[in-house]
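Quick note on this note's numbering: the sequence shown kicks off at 86 and runs consecutively.
Structure first, then comments.
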Amino acid sequence: MNKPENSKLRDGSEKSRSMNEPEKKKITHRLGFKMLASFIGLSVISLALFGGIAIIKLNELGDYSIDTSSSLGSSATNDSLTALESLGESIIQQKAEDVARQLEIYIKANPTMNVSNLQGDTFFIELAVQQVGETGYTATSDVDSLICRFHSSASITDRDLHELSGPLPGFWSIMSLSEGGNTSSGYYDWEEPDGSMRSKYMYIAIVDAQTADLVTFSVAATTYIDEFSMSAIETQEKIDQATMESMNKIKEDNEKTQNLFIIALIAMVVVISISAITLSRRITGPVSELAKGARSIGDGDLDYKVYVKSNDELSDLALAFNAMALDLKTQMKLVEENTREKERIAKELQIAKDIQKSFLPKSAPKLKDYTMAGFNMSAKEVGGDFYDFIDLGDGKIGIVIADVSGKGIPAAIFMGLSKTLVRANTRRILDPIEALKAANSVIVEESKTGMFITMFYAVLDTNDHTLTYINAGHNPPLLLRDDDSEIALLKAKGLPLGVMEELNIESKKVSLKSNDLVFLYTDGVTEAVNKNNEEYDMKRLSLLLNQIENKTPEEIIQAVTEDITKFTGDVEQFDDITMVVLRSEKR
86 MNKPENSKLR DGSEKSRSMN EPEKKKITHR LGFKMLASFI GLSVISLALF GGIAIIKLNE
146 LGDYSIDTSS SLGSSATNDS LTALESLGES IIQQKAEDVA RQLEIYIKAN PTMNVSNLQG
206 DTFFIELAVQ QVGETGYTAT SDVDSLICRF HSSASITDRD LHELSGPLPG FWSIMSLSEG
266 GNTSSGYYDW EEPDGSMRSK YMYIAIVDAQ TADLVTFSVA ATTYIDEFSM SAIETQEKID
326 QATMESMNKI KEDNEKTQNL FIIALIAMVV VISISAITLS RRITGPVSEL AKGARSIGDG
386 DLDYKVYVKS NDELSDLALA FNAMALDLKT QMKLVEENTR EKERIAKELQ IAKDIQKSFL
446 PKSAPKLKDY TMAGFNMSAK EVGGDFYDFI DLGDGKIGIV IADVSGKGIP AAIFMGLSKT
506 LVRANTRRIL DPIEALKAAN SVIVEESKTG MFITMFYAVL DTNDHTLTYI NAGHNPPLLL
566 RDDDSEIALL KAKGLPLGVM EELNIESKKV SLKSNDLVFL YTDGVTEAVN KNNEEYDMKR
626 LSLLLNQIEN KTPEEIIQAV TEDITKFTGD VEQFDDITMV VLRSEKR
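Right, here's the structure in full:
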């Protein structure tokens, strides 16, 4: 038995020794081929898997971006709608309270007038029924009987509002709360002629005064609330359209990315075939880690960190990848916050700007022997300057130009209150000093922030051709005589309104001759600065007016505005610019 075993061993040794070098090379080539094939196969599969995941995550990231953009747009729109409706409610409330205060002042100033007398008083009717927004209005009712005494529609005047409890239950639920002298507010649905329903908002304020027949009025201010929110709805439609365009663009880019990936994959197979053995082990690990990071980022995990210890470009790429994730997280948060805040502020300021513009006269009155023009340009979205033309009857016109201290929304609100008080009191009290004292009394009482207003108020009498004026701390207007090259300043002693309860002011009078010119302005004209920080100043203004004094008021305002713009150049306007020009025509 030993012999055969030895024979087998010897046979095996023989066979082992008989394996020649070509056979070894063949085995080596076979193993090399398997390693290369395996590495290429694994590399291709890994790359395909990585690319597929990347494309899927890219699509998911695109969908996430679209959803986020849409969500942010909807959120911004909703915030804007809420802010705009809140602002609308505040404006309607302010309107109701302003009208109530005006009626209070008038009733207290005329204690002998009863309801019937007031219904025959044109001026009181204009105070009681005023426009709110584009389609709204104010109405005045008896708080005890709930009979409407003043309304824009004759069919509602002197009608018992209890009759509307059935057809307009929403309206009645708000109105009934005011019975007995209580403020109330709320929304109610109003049926349009076409049968559709629109929401209105109403605020009811109480007049703190009684007529001679012991009647207390309430003032209801109401308008369609979508007047304030329409711009936000339009913006939402634009956002939806932009989101759809972005979605189509992302899909198109994804398709291009997929095609490019396929092309790149084929090219990579060729490159890997040449250098697979030497590069496979150095690439697989880092790429897998990067793929994992891409998936995590695609899933929204922006805190994920990629760790690569290859000490080469892949390591740098990992660091850049981590920095990108951190920057993306920071930027997404900032974009979300900034976009929402900017859209909200922009919409609110635009509404405030439109409202403030409506306070200014649409045109100057047409007068015998006189022409006038006014101009206002705010430095920001809203400002504190204003001007006004007030018909005082008997050929007399009140001219107002004023500048509120401060900037922005507070100054704009203070401007609206001051303009309303000045107009109401100057039409009620013909004596300029007493009229401004009455307005100042209310302004001091209402001003809780220390704001004040400089004002120049003049009464033009077209019958005797005189200008009676008061200067309450304002820039003195310029008087250019047709027969004199010197420019006179219309100065008068007086403190700004809103500073002290006792307003110490004086009244002066000048005669206006044929072809005389009066130029009223705010300090935004003379204090405009250029890039060298030089002011436009009074000297430059006076020289210009001497050159253009024979032009029309509109042409004079245009010439001064163009000269200021030329002087300041690219320097941003920092103060409101307001001008009023009065010309006495040749007689």
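For glycine and all other residues, C-beta sits at the position ideal for the given N, C-alpha and C.
Predicted, not measured: the structure shown is a model, and the values here were computed from it.
Cα-Cα separation, residue i to residue j
i    : j    : result
V376 : L402 : Note on identity: in this sequence residue 376 is Ala, with Val being the wrong assignment. A376 and L402: Cα-Cα distance of roughly 12 Å.
S532 : S503 : 10 Å
G251 : V544 : 51 Å
D164 : L667 : 46 Å
N195 : A613 : 46 Å
R115 : V355 : At R115, the pLDDT of 49 sits below 50, so the modelled position is not reliable and the matter cannot be decided from this model.
G493 : D661 : 11 Å
S270 : E170 : 14 Å
P371 : D148 : 28 Å
T511 : L246 : 34 Å
F652 : G459 : 21 Å
N615 : I649 : 9 Å
Y288 : V610 : 40 Å
Q326 : T320 : 10 Å
L552 : H559 : 17 Å
M315 : G173 : 12 Å
V603 : D568 : 14 Å
Q216 : Y272 : 19 Å
E640 : S237 : 39 Å
M198 : A520 : 21 Å
S240 : I176 : 27 Å
L626 : I498 : 30 Å
S526 : E587 : 8 Å
K323 : N396 : 49 Å
G468 : I538 : 13 Å
I298 : I232 : The displayed chain sequence assigns Asp, not Ile, to residue 298. Answer to the nearest angstrom: the Cα atoms are 15 Å apart.
K447 : F471 : 13 Å
M536 : N144 : 57 Å
Status (buried if at least 16 other CB within 10 Å, exposed otherwise) for residue i
i    : result
F659 : exposed
I141 : exposed
V645 : buried
T534 : exposed
Q416 : exposed
A213 : buried
K180 : buried
N333 : exposed
P581 : buried
L565 : buried
E634 : buried
Q187 : buried
R234 : buried
N423 : exposed
K285 : buried
L554 : The question names Leu, yet the displayed sequence has Tyr at residue 554. Under this definition Y554 is a buried residue.
G478 : exposed
D229 : exposed
A405 : exposed
G280 : exposed
D227 : buried
Member of the options whose CA lies at the smallest distance from the CA of residue i
i    : options                : result
K576 : P561, S570, I590       : P561
K594 : T296, P581, L574, L582 : L574
A290 : S230, Y455, L588, M260 : M260
I482 : A349, M457, G469       : M457
K449 : M287, R186, P638       : In the sequence as displayed, the identity of residue 449 is Ala instead of Lys. Checked all of M287, R186, P638; the closest Cα to A449 is P638.
I484 : G173, I528, Y542, V656 : Y542
N344 : G558, G137, N556       : G137
D473 : A496, K453, F256, A509 : A509
Q295 : L628, M540, G266       : G266
N600 : R425, K636, G583, N339 : K636
V656 : N618, Q632, E647       : N618
Nearest-angstrom beta carbon gap, residue j and residue i [assumed within contact, 8 Å]
i    : j    : result
T547 : G480 : 4 Å
Y606 : M664 : 5 Å
D274 : T505 : Actually they do not touch by this definition, with Cβ atoms about 31 Å apart.
I590 : L630 : Between L630 and I590 the Cβ distance is about 26 Å, and since that is not below 8 Å, they are no contact.
E670 : D454 : 5 Å
V304 : T242 : Incorrect: roughly 15 Å between the Cβ atoms, too far for contact.
G579 : N556 : 5 Å
Within-8 Å CB hit, residue i to chain D
i    : result
A405 : Absent from the structure is chain D; it holds one protein chain and no more.
Open item on the list: So, does the stretch 301-311 touch the stretch 219-229, judging by three or more C-beta pairs under 8 Å?
Closed with: Contact annotation: the stretch 301-311 touches the stretch 219-229, with at least three C-beta pairs closer than 8 Å.
TODO: Give a yes or no on contact between the stretch 487-499 and the stretch 512-519, applying the rule of three or more CB pairs nearer than 8 Å.
DONE: When C-beta atoms of the stretch 487-499 are compared with those of the stretch 512-519, fewer than three pairs fall below 8 Å, so the two segments do not count as touching.
Open item on the list: Three or more C-beta pairs under 8 Å: does that hold for the stretch 181-192 against the stretch 200-219?
Closed with: Flag = yes, the stretch 181-192 and the stretch 200-219 touch.
Open item on the list: I'd like to know if the stretch 385-396 and the stretch 405-418 are in contact, where contact means that at least 3 CB-CB pairs between them fall below 8 Å.
Closed with: Verdict: yes, contact present.
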